[in-house]
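Residues 2 to 492 in our numbering are what the sequence shown spells out, letter by letter.
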Amino acid sequence: MTDSENRKHRSTLQKIAHRAMLERGLVPDFPSQALTELDQISGPATRTEESTRDLRNLLWCSIDNDDSHDLDQLTVAEALPDGAAKVLVAIADVDAVVEKRTALDDHARQNTTSVYTAAEIFPMLPEKLSTDFTSLNPASDRLAIVVEMVLAGDGSLQSSDLYGAEVLNHAKLAYNSVAGWLEGDGPMPQVIGTVNGLDENLRLQDRVAQKLKSLRHLHGALDLETIEARPVFDGDELKDMEAQRRNRAKDIIEDFMIAANGVTARYLASKKFPSIRRVVRTPKHWDRIIELAAERGTTLPREPDSKALDRFLVSEKAADPLRFPDLSLSVVKLMGAGEYVLELPEGDATGHFGLAVKDYAHSTAPNRRYPDLVTQRLLKAAMADHSVPYKNDDLEELAKHCTEKEDAARKVERQVTKSAAAILLESRIGERFDAIVTGASDKGTWVRLLNPPIEGRLERGFEGLNVGNKLRVQLVRTDVERGYIDFKRVS
2 MTDSENRKHR STLQKIAHRA MLERGLVPDF PSQALTELDQ ISGPATRTEE STRDLRNLLW
62 CSIDNDDSHD LDQLTVAEAL PDGAAKVLVA IADVDAVVEK RTALDDHARQ NTTSVYTAAE
122 IFPMLPEKLS TDFTSLNPAS DRLAIVVEMV LAGDGSLQSS DLYGAEVLNH AKLAYNSVAG
182 WLEGDGPMPQ VIGTVNGLDE NLRLQDRVAQ KLKSLRHLHG ALDLETIEAR PVFDGDELKD
242 MEAQRRNRAK DIIEDFMIAA NGVTARYLAS KKFPSIRRVV RTPKHWDRII ELAAERGTTL
302 PREPDSKALD RFLVSEKAAD PLRFPDLSLS VVKLMGAGEY VLELPEGDAT GHFGLAVKDY
362 AHSTAPNRRY PDLVTQRLLK AAMADHSVPY KNDDLEELAK HCTEKEDAAR KVERQVTKSA
422 AAILLESRIG ERFDAIVTGA SDKGTWVRLL NPPIEGRLER GFEGLNVGNK LRVQLVRTDV
482 ERGYIDFKRV S
C-alpha cells in the first residue's frame, strides 16, 4: 500500500466521521464565538480560595489509555491500621476555567461528550483546555476537586469528604503497561521508578481496588467482559484492529471512580441538592436472559436478580473464556442502555443494576462528559453553601439530552470503527478465517473473527447457528463508506 493510499484512507475515515457527526446531530467543529473566548484564556486556573488545600506533595499519578491527553483524574492511596486505607481521587476543576452559559459551555452542552473515532477526536472542549489548561498533566500545578474515602479492610466505606485542592501529577501512566507489571507479565514502567514510593503506592491502590470489586460482586455487580476492537495506526497507515480487554490497571480506575461517584451522589443528597444520576434500570429483557442461561444449563429466578446473574456469569467465564465476551455482550444488550436521570433530594434513586450501586452520579470526567461538568458545578455550590446553580426543569432536560447525545456519539464511534475494519479487510476478499457467532436473530446473523477481532454479517450459511458457535467463514464483500463486512460460511 502506497503512502498516498494510506493518506487517502485516513482522509476517507475523517470524512466519514464528520458526516456521521452531522447525521447524528453532533457538531464536529467549534463555533467562532467559542474560539474567540478560547483566545482570551491565558492559562490554567490558579488558587484563589483560602480553603483550597495544597496536596501537591502526595504521590498523585494518572492511569489512562496510551494515547490519552485529556487527563481528568489522579489517584493516590495511604495505608491505615488494621488493613484499612485512605483513597484520594482528584478530579480536574474544569468549571474554574469554563464558566456556565459561555459559548464554550454552550458547545459542550450541545455535544455533551467527546467523541473518539478511529480517524479523529472531536473533543467536547478545545484541546487547548482539555489537554492542557484543564488537564491534570504531569509536572503541572492544577486545581481539583478531591474525593477522600476511608475504606475498611473489606473495602467498605467508613467515611468520606470532598474539598478543593491544588494537585500535581507525578507520573502519567498507561493501562496496558501498568497492568502487565501488576499481573507479572511485564516490567515495571520506567517512569514509576523515578518517583520514590510510587511502586508500593500503586500496589496498594491495586489491592484496595480488588477489595472494592469483590465487595460489589457480593452485592450483585456483574462480571462482564466484552471485546472492543480498536484501530491501530502507524502514522497514516491502518495496521491492525486490536482487542481491548479489561485488566488490573483499568480495574483500579474503574473501581475508584465508581466509589467516588457514589460519594458524590450521597454528598449532594446530604446537602439537599438535586443531581444527575447514571442508571441502568431493571433489565428490559430479563425473560430472554433467563432463556440464555437455560440454554447453558442454569436456571435464573423469574424476577431480575443481579446476584444470581453474576453467579451464572462467573461460572460461564471459568468454563468457556473464549466465548465469554460474546455472552457478556448479549447480556449487555438485553439489559438495555444506561441513561441519565434527575434525582431530587427527597427522591428514591433507581440505582445501577449492572454495578450494584444505588447512588451513582457521573462526576469524574468533566473534560470529556458534560454531565460530569454539571455535577461539578452542583458540588462546588454545595461545598460553598451557595444556592443550586440549575433549576430542576433544566436538569431534567439536560439528563434527557445527555442520554440522547451520548447514544449518538457511541453510534458515530461504532460507525467509523466499522469503516476502519472494512479498510483493513478490503484487500483480503476471498480469505478464510476462524470466527464465532456473536448475534443470531431475525435481523441477521453476526460473527466475530478471532484474529483480527472484527465483526461482520454472515450472509450465507447461517441456518441452525446460535450465539457462541465456532465456525469457518470466508470474506466476500466490504463497503468502507457504510462500514459493511460480509462473510459466508465454509466447511
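Even for Gly, the Cβ is constructed at its ideal location relative to N, Cα and C.
- Quick one: which unbroken alpha helix (DSSP H) runs of 4-plus residues sit fully inside the segment 244-301? Chain order, please. Within the segment 244-301, the runs of alpha helix (DSSP H) at least 4 residues long that lie entirely inside it are, in chain order, 249-271 and 287-295.
- CB Val-413 to CB Ala-120, shorter than 8 Å? For the purposes of this step, residue 413 is identified with residue 412 of the sequence shown, where counting begins at 1. For the purposes of this step, residue 120 is identified with residue 119 of the sequence shown, where counting begins at 1. The Cβ-Cβ distance between Val-413 and Ala-120 does not fall below 8 Å.
- Give a yes or no on whether the C-beta atoms belonging to Ala-362 and Ala-210 are separated by under 8 Å. Counting from 1 along the sequence shown, the entry for residue 362 is found at position 361. Counting from 1 along the sequence shown, the entry for residue 210 is found at position 209. For the 8 Å CB-CB criterion, Ala-362 and Ala-210 do not form a contact.
- Buried or exposed by the 16-neighbour rule on C-beta atoms within 10 Å, applied to Leu-323: Translated into positions along the sequence shown, residue 323 becomes position 322. Exposed is the call here.
- Task: Would you tell me roughly how many angstroms separate the C-alpha atoms of Val-148 and His-19, rounded to the nearest one?
- Result: Locating residue 148 in the sequence shown gives position 147, counting from the first residue. Locating residue 19 in the sequence shown gives position 18, counting from the first residue. Their backbone Cα atoms lie some 37 Å apart in a straight line.
- Item | Cα-Cα separation, Ala-409 to Thr-113 | Indexing the sequence shown from 1 puts residue 409 at position 408. Indexing the sequence shown from 1 puts residue 113 at position 112. Per the coordinates, the alpha-carbon of Ala-409 lies some 10 Å from the alpha-carbon of Thr-113.
- Item | Secondary structure of Gln-377, DSSP reduced to three states | One-based indexing of the sequence shown puts residue 377 at position 376. In the three-state reduction of the DSSP assignment, Gln-377 falls in the helix class, which pools H, G and I.
- Can you check DSSP and say which residues form a bridge with Glu-493? In the structure as shown, the chain starts at 2 and stops at 492, and residue 493 therefore has no counterpart that could be examined.
- Is the segment 286-305 touching the segment 391-407, taking contact as three or more C-beta pairs under 8 Å? The segment 286-305 makes no contact with the segment 391-407, as fewer than three CB pairs between them are under 8 Å.
- Excluding sequence positions up to five away, which residues of its chain have a Cβ less than 6 Å from the Cβ of Asp-200? Mapped onto the sequence shown, residue 200 falls at position 199. Closer than 6 Å at Cβ, skipping near neighbours: Ile-193.
- Going by alpha carbons, who is nearest to Leu-158 out of Leu-213, Asp-207, Ser-52 and Thr-132? Start at 1 with the first residue of the sequence shown, and residue 158 comes out as number 157. Checked all of Leu-213, Asp-207, Ser-52 and Thr-132; the closest Cα to Leu-158 is Leu-213.
- Message: Quick check on DSSP: helix, strand or coil for Met-125?
- Response: Here residue 125 refers to the residue found at position 124 of the sequence shown. For Met-125, the secondary structure class from DSSP, reduced to helix, strand or coil, is coil.
- For Ser-63, the nearest candidate out of Glu-427, Arg-246 and Ala-366 (CA to CA): By one-based count along the sequence shown, residue 63 stands at place 62. Taking Ser-63 as reference, the option from Glu-427, Arg-246 and Ala-366 with the minimal CA-CA separation is Ala-366.
- Contact check, Pro-32 vs Phe-123 under 8 Å by CB: the rounded distance? What you label residue 32 is simply residue 31 of the sequence shown in a count that begins at 1. What you label residue 123 is simply residue 122 of the sequence shown in a count that begins at 1. Between Phe-123 and Pro-32 the Cβ distance is about 14 Å, and since that is not below 8 Å, they are no contact.
- Task: Tell me Lys-308's beta-bridge partners as DSSP assigns them.
- Result: By 1-based counting over the sequence shown, the position of residue 308 is 307. Its beta-bridge partners do not exist; DSSP assigns none.
- Query: Apart from the five residues on each side of it in sequence, which residues of its chain come closer than 6 Å, Cβ to Cβ, to Gln-111?
  - Reply: Indexing the sequence shown from 1 puts residue 111 at position 110. Non-local C-beta neighbours of Gln-111 in its own chain, meaning closer than 6 Å and more than five positions away in sequence, comprise Val-28, ordered along the chain.
- Do Arg-57 and Glu-184 have their C-beta atoms within less than 8 Å of each other? Counted from its first residue, the sequence shown places residue 57 at position 56. Counted from its first residue, the sequence shown places residue 184 at position 183. By the CB criterion at 8 Å, Arg-57 and Glu-184 fall outside the cutoff.
- Taking Pro-275 as the reference, give the member of His-387, Ile-253, Ala-320 and Pro-346 with the closest Cα. The residue given as residue 275 occupies position 274 in the sequence shown. Nearest option by C-alpha distance: Pro-346.
- Asp-235 burial status per 10 Å Cβ neighbour count (16 or more: buried): Sequence index remark: in the sequence shown, residue 235 carries index 234 (1-based). If you draw a 10 Å sphere on the C-beta of Asp-235, you find fewer than 16 other C-beta atoms in it, and that means exposed.
- Item | Arg-473 (DSSP reduced to helix, strand or coil) | What you label residue 473 is simply residue 472 of the sequence shown in a count that begins at 1. When DSSP states are grouped into helix, strand and coil, Arg-473 belongs to the strand group.
- Does DSSP classify Ile-17 as helix, strand or coil? By one-based count along the sequence shown, residue 17 stands at place 16. Helix at Ile-17.
- Message: Rounded to the nearest angstrom, what separates Val-358 and Arg-217 at their Cα positions?
- Response: If you number the sequence shown from 1, residue 358 lands on position 357. If you number the sequence shown from 1, residue 217 lands on position 216. Low confidence applies here, because Val-358 scores a pLDDT of 47, under 50, leaving its location unreliable; read the following figure in that light. Straight through space, the alpha carbons of Arg-217 and Val-358 are spaced by roughly 8 Å.
- Whole-angstrom Cβ separation of Gly-457 and Asp-487, contact assumed at under 8 Å? Along the sequence shown, one-based indexing puts residue 457 at 456. Along the sequence shown, one-based indexing puts residue 487 at 486. Separation of the CB atoms of Gly-457 and Asp-487 is rounded to 6 Å, and the pair is thereby assigned contact status at 8 Å.
- Message: Determine whether the beta carbon atoms of Gly-339 and Val-280 lie at a separation below 8 Å.
- Response: Within the sequence shown, the letter at position 338 stands for residue 339. Within the sequence shown, the letter at position 279 stands for residue 280. Taking the C-beta atoms as reference points, Val-280 is found nearer than 8 Å to Gly-339.
- Task: Provide the residue span of the alpha helix (DSSP H) that contains Arg-110, from first to last.
- Result: Within the sequence shown, numbered from 1, the residue matching residue 110 stands at position 109. That run of the alpha helix (DSSP H) goes 104-112.
- Item | Collapsed DSSP secondary structure at Ala-93 in the structure displayed | Against the sequence shown, residue 93 aligns to sequence position 92. In this structure, Ala-93 counts as strand in the three-state DSSP scheme.
- Message: Which residue marks the beginning of the alpha helix (DSSP H) containing Gln-159, and which one marks its end?
- Response: Taking the sequence shown and counting its residues from 1, the one referred to as residue 159 is at position 158. Careful: Gln-159 lies outside any alpha helix (DSSP H), inside the beta strand (DSSP E) at 158-169.
- Going along the chain, which residues of its own chain have a beta-carbon closer than 8 Å to the beta-carbon of Lys-129, five neighbours each way excluded? Looking up residue 129 in the sequence shown gives position 128. Around Lys-129: Leu-39 and Ile-42.
- Task: State buried or exposed for Arg-490, treating a residue as buried only when at least 16 other CB atoms are found within 10 Å of its CB.
- Result: As a working mapping, residue 490 is identified with position 489 in the sequence shown. Classification of Arg-490: buried, given that the 10 Å Cβ count is 16 or more.
- Query: Distance, Cα to Cα, His-387 vs Ser-12?
  - Reply: Sequence index remark: in the sequence shown, residue 387 carries index 386 (1-based). Sequence index remark: in the sequence shown, residue 12 carries index 11 (1-based). Going from the Cα of His-387 to the Cα of Ser-12 covers about 49 Å.
- Less than 8 Å separating the beta-carbons of Leu-425 and Leu-239? One-based indexing of the sequence shown puts residue 425 at position 424. One-based indexing of the sequence shown puts residue 239 at position 238. Less than 8 Å divides the Cβ of Leu-425 from the Cβ of Leu-239.
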